[in-house]
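Protein chains in written order, with our numbering: chain A, 9 to 207; chain B, 9 to 207; chain C, 9 to 207; chain D, 9 to 207. Where a beta carbon is used, it is the ideal one built from N, C-alpha and C, also for glycine.
There are 4 protein chains.
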Amino acid sequence: MSVQTSKPKRTRDPESKRAALHAAALRQFTEKGYEHVSIASIAKEAGIAVGTVYRFYENKLFLLRAMLESIEHDFVQQMQEDWARGGAYEDRLDAVCQGLFDIAKDRSAYLKLFTMTTDLVYEDGALPGDRIQDQIKQMYQEGMEQGAFRNGDLHMMSSMAHGLVEGAMMRWMRMGHKATDIASKDLAGVMKYGFLTPG
Amino acid sequence: MSVQTSKPKRTRDPESKRAALHAAALRQFTEKGYEHVSIASIAKEAGIAVGTVYRFYENKLFLLRAMLESIEHDFVQQMQEDWARGGAYEDRLDAVCQGLFDIAKDRSAYLKLFTMTTDLVYEDGALPGDRIQDQIKQMYQEGMEQGAFRNGDLHMMSSMAHGLVEGAMMRWMRMGHKATDIASKDLAGVMKYGFLTPG
Amino acid sequence: MSVQTSKPKRTRDPESKRAALHAAALRQFTEKGYEHVSIASIAKEAGIAVGTVYRFYENKLFLLRAMLESIEHDFVQQMQEDWARGGAYEDRLDAVCQGLFDIAKDRSAYLKLFTMTTDLVYEDGALPGDRIQDQIKQMYQEGMEQGAFRNGDLHMMSSMAHGLVEGAMMRWMRMGHKATDIASKDLAGVMKYGFLTPG
Amino acid sequence: MSVQTSKPKRTRDPESKRAALHAAALRQFTEKGYEHVSIASIAKEAGIAVGTVYRFYENKLFLLRAMLESIEHDFVQQMQEDWARGGAYEDRLDAVCQGLFDIAKDRSAYLKLFTMTTDLVYEDGALPGDRIQDQIKQMYQEGMEQGAFRNGDLHMMSSMAHGLVEGAMMRWMRMGHKATDIASKDLAGVMKYGFLTPG
DNA sequence: GATGAATGAGCGTTCATTCAT
DNA sequence: TATGAATGAACGCTCATTCAT
């Protein structure tokens, strides 16, 4: 007697489901913290069933990892690209800092999650941040070999450089993601004075 | 309406209990992470009853807070003392960095816990690290007013300085708490180049 | 970050589970009192897992409420039906008293629970028994307007009538649920003398 | 150097301590319900130590019992006195009802507790209210033997009479303990119609 | 006698994971 | 493939009771 229309089923294809899953998990992880978010609650917000989450990720930790690796990968890739363009090391630092904040802006929620997460997470035992620091280390090594970067223990120098980046990003986040350009310049400035050899 | 019974009755002095509690909590928190440690397990290792934990701390979070505040307080106090001795800013930076690593060495397990904990914890809404950064901010401001520190947004500069310290300490911990003096010098070196005005 | 495992997997239809849950809860609540019954113990007797209880009821109190509301609802409905049949008020009282004891007999375990429970329970702040008393109040009001019931403060009269019913039922329960007809007649007798206008 | 005065120690003699204990227990039991009040909380309000509570009462249940027995005893004693004065049964009912509400008014907090408590409590297995009902039973029996009270099963009649009293008192309490005289008259009125033989 | 720190069984509730449908 | 009901171990926390002081 009435016309039956199929209920609109959102998120039919797997990739849209995965996207919804990521969006929901990201929102809840950053708001409440990983441990205080349940799979059921994520699934509900994503509009999928609990069991379906386990089609995408082996368990809750793998879901977190996927998100952290995603942002960390973007940071590393961006640094590589910016660094690879070559030019004066001073300019490279400008470019790299700029690139980092571009990613930060694009993916600020992921960045938030990233800074909230310090427990051991990756399968190889690496901690979040290690990939970024490794990239910094490679660049520092190259720069040091060229005489452009100050000498010192490579690990310590790159760890401090990494800390400097984190400090700048923490501040930028607390400012409400405003003035990305200025933050980038500030970071690059201290980087140059602190790590480049004068002249 | 149910009748309950109890059994033995250890009695040591409260401070030795509190110390045992801290030691057990510290060990387990740093090893497994706050969320994965149960009060029962801490109490067991400390040789006290579960209920006794709650005589010392209102709840599990307060126990964590006490430990974090303790180390953070020590860092801040040490910085104040070293800074207050006066002298050239360059020398002050040396002293402060040295002092920080002295605390780090004395209390390396607490430091580990400190770096593992990023969730919001204090009652006033402050995050772990905020008190340290505030102290850095005060010192930076003074130095900037005296023309000894580079100009820039006070918040951003102190946040980056804070990051630099954290980076150095993370590296030092990964090195197995070795070469405290060298680490301190490395940190002070980058600090001077990065934040002090030349001349 | 902990991995959990589960074991067997019973599967019966939800309604048989709910019935088993009610039966177990009813038995234990009446035997030991609400506060002295644990969810674990109910679940065990009902042959379901602890967590499954929480699929049916939000928490322990909601489980109790469901049982109390169920019996209270039956009492009220029965009274409404019997009263609505009309006829002489004397006959209506007979019918209502008879109906109440019919319910009491059918659901004597629930009645027991009902009489054991006096703390505030319903979401709207009502106490168990309030719905029954409200129904009595409505009937009394109608009867008083028709000149069939003695005048007096409506609230007080219906509260006393309610007490009378409770008194009769308490006695009937203590007698072992025997002689339902006689108990009903006794109650109706006192009701008539006490509340109906003579002639 | 300073003058030492002994801290004012309140509640020195045992009876004032017991009184403070009763007052605190009464207040908390009626406000939160027996099960939701802790001995520690009562002791604190009473200004005594937890252990001291156990000097007065063997356990928490005995404390509750003492309070219930106290009010129940007063009710029973008052009824006996009023009934023993003799006179017409109609007048005796007036006197008894009046006496009951006098007690209720004097000890309304205890009455509240009394009506909140239905679990089995006394050592002999009696329930709260049983002593009152027994007294009613005795009076009813005497009245029935004298032909003044309606015939019927003694237990049932006295249980209903008891219920009537409870109903009236519940209403009176909900009214805020106002109009004690009127409540008493209302109760006596229904009592007479319902239980006395006419003429 | 009075104290209150200490005890630990016991509670209500959560939630990662599984698997029958 | 997707679902979500079911599981039960595990948790943080409470509190009646005891007993050394």
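Local Cβ density within 10 Å of residue i, reported as buried at 16 or more and exposed below that
| i | result |
| --- | --- |
| A:D189 | exposed |
| A:K120 | buried |
| A:K186 | exposed |
| C:S46 | exposed |
| B:D82 | buried |
| A:K25 | buried |
| C:R100 | buried |
| C:L128 | exposed |
Three-state class that DSSP yields for residue i in the structure shown
| i | result |
| --- | --- |
| D:L204 | strand |
| D:K186 | coil |
| B:R166 | This sequence places Ser at residue 166 of chain B; Arg is not what is there. Three-state DSSP puts B:S166 in a helix. |
| D:P22 | helix |
| C:D110 | helix |
| C:V198 | helix |
| B:G94 | coil |
| A:K120 | helix |
| D:A134 | coil |
| D:I140 | helix |
| D:E66 | coil |
| D:I47 | helix |
| A:G55 | coil |
| B:D41 | According to the sequence provided, residue 41 of chain B is Gly. The question's Asp does not apply to it. The answer is coil: DSSP assigns B:G41 none of H, G, I, E or B. |
| A:T126 | coil |
| C:R179 | helix |
| C:R73 | helix |
Selected residue, minimal CA-CA separation from residue i, among the options
| i | options | result |
| --- | --- | --- |
| D:E53 | D:Q146, D:F70, D:Y62 and D:R35 | D:R35 |
| D:E80 | D:G94, D:V58, D:L204 and D:D114 | D:D114 |
| B:M152 | B:P206, B:A32, B:D127 and B:E174 | B:P206 |
| D:D161 | C:M183, C:D90, C:I144 and C:F64 | C:M183 |
| A:Q143 | A:G59, A:L204 and A:M87 | A:M87 |
| B:E98 | B:E43, B:A156 and B:V61 | B:A156 |
| C:A169 | D:E150, D:A187 and D:D194 | D:D194 |
| D:M178 | C:T126, C:W180 and C:E131 | C:T126 |
| A:G171 | A:W91, A:Q141 and A:E150 | A:Q141 |
| A:A27 | A:I56, A:T38, A:E39 and A:S49 | A:I56 |
| D:D90 | D:C105, D:E77 and D:L76 | D:C105 |
| A:G175 | B:L72, B:H163 and B:M181 | B:H163 |
| D:A191 | D:F64, D:Q154 and D:A103 | D:A103 |
Beta carbon proximity, residue i to chain B, threshold 7 angstroms
| i | result |
| --- | --- |
| A:S10 | Unreliable positioning characterises A:S10 in this predicted model, as indicated by a pLDDT of 47, which lies under 50. A coordinate reading is not provided. |
| A:R18 | Its pLDDT being 47, under 50, A:R18 is placed unreliably by the model, and the measurement read from it follows with that caveat. No, because no Cβ of chain B sits closer than 7 angstroms to the Cβ of A:R18. |
| A:E98 | no |
| A:G160 | yes |
| A:A75 | According to the sequence as given, residue 75 of chain A is Met; it is not Ala. Answer no: the Cβ-Cβ gap between A:M75 and chain B never drops below 7 angstroms. |
| A:S116 | no |
| A:S49 | no |
| A:M87 | no |
Chain D contact for residue i (CB, 7 angstroms cutoff)
| i | result |
| --- | --- |
| C:D194 | yes |
| C:L172 | yes |
| C:S46 | no |
| C:M124 | yes |
| C:S24 | no |
Minimum Cβ-Cβ distance from residue i to chain A less than 7 angstroms
| i | result |
| --- | --- |
| B:A176 | yes |
| B:A27 | no |
Residue i at chain C interface by Cβ criterion, 7 angstroms
| i | result |
| --- | --- |
| D:H163 | yes |
| D:M181 | no |
| D:D127 | yes |
| D:G41 | yes |
| D:Y201 | yes |
| D:V198 | yes |
| D:M168 | yes |
In DSSP terms, what residue i is bridged to
| i | result |
| --- | --- |
| C:F83 | In the DSSP output, where bridge partners are listed per residue, C:F83 has none listed. |
| C:F157 | C:L204 |
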